[in-house]
Structures are given as structure tokens and as C-alpha cells.
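In our numbering, the protein residues as written are 1 to 125. Backbone N, C-alpha and C fix where the C-beta goes; we use that ideal spot for every residue, glycine too.
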């Protein structure tokens with residue numbers, strides 16, 4: 001029984017590279033998930049959907065930048081609208097991060113009385 005379980009675990013383990021490539025091709029390549037599953041030997045559509053969701057989450061968190069669109073995608077208005085929404089969300093997240101970092105610096109300068117930001121007009125030695 002242990003050998004059977006070990007064999008199943010080994011058969012259904014995929015490298016991070018395979019996960020990323022498969023998710024990328026479904027998200028940005030516009031490829032059919034079933035075709036990607038067959039090509040990589042992925043055992044379940046749920047597995048691939050999980051990878052796609054995880055990849056999308058990493059993009060939303062700013063860990064991965066959005067890749068450039070292909071010529072075919074640029075001609076598709078639905079793809080352009082989705083890309084616009086994705087870029088607007090990324091910009092909103094970036095602005096929120098900037099606000100949070102600036103607030104953190106302000107609090108640190110006030111509470112710890114440490115000059116963190118470079119003051120304008122000061123000489124560099």
C-alpha cells in the first residue's frame with residue numbers, strides 16, 4: 001500500500017517551472033486548458049485551475065509583472081478590456097503600496113526621531 005501511495009505522489013508532482021509555464025499559457029497564451037493538460041500530463045483540470053489561480057494571485061501581489069500582449073491578443077477587444085482592468089488594478093495596488101510605505105516612513109521619522117528621507121538642498125559628503 002505504501003508503494004502505491006508513493007507512486008501516486010511521484011506521478012502527480014510537477015516542477016514549479018511546469019506549473020508556471022502551464023498557467024502562463026492558459027492565462028496569457030489563450031490556449032485551451034485541456035490541450036495544456038494533455039501536453040504536460042496534468043491529471044486534473046482542478047490542478048491546472050489551482051495553478052492558474054495561484055499564478056494570478058502572484059501577479060495581483062506584484063510578485064510577477066504582466067507580460068506584453070501578443071499581436072493576436074491586441075486585436076481582441078475583450079482581451080484588451082481585461083488587460084486594461086488588470087493594469088488599472090496593478091496601478092491601484094502600486095499606489096496603495098507607495099502610500100503605505102510613505103506613511104511608514106513618516107511614522108518612523110516621528111516616533112524614532114530618525115531622518116530617513118533625504119532632505120532637499122542638503123549637501124552630500
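Fully enclosed alpha helix (DSSP H) runs of no fewer than 4 residues occupy 16-27, 33-40 and 45-60 of the segment 6-70, in order along the chain. Counting only runs of 4 or more residues that sit fully inside the segment 63-116, the alpha helix (DSSP H) segments are 71-74 and 77-112, in chain order. Residue nearest to residue 48 within the set 62, 59, 66 and 31 is 31 (criterion: CA-CA distance). Nearest C-alpha to residue 61 among 115, 93 and 23: 93. Around the beta carbon of residue 19, 16 or more other beta carbons sit within 10 angstroms, so the residue counts as buried.
Ranked by Cα distance from residue 41, the first of 13, 96 and 111 is 13. Of the other Cβ atoms in all chains shown, fewer than 16 fall within 10 Å of the Cβ of residue 46; this residue is therefore exposed. In this model, residue 105 and residue 116 are separated by some 7 Å (Cα to Cα).
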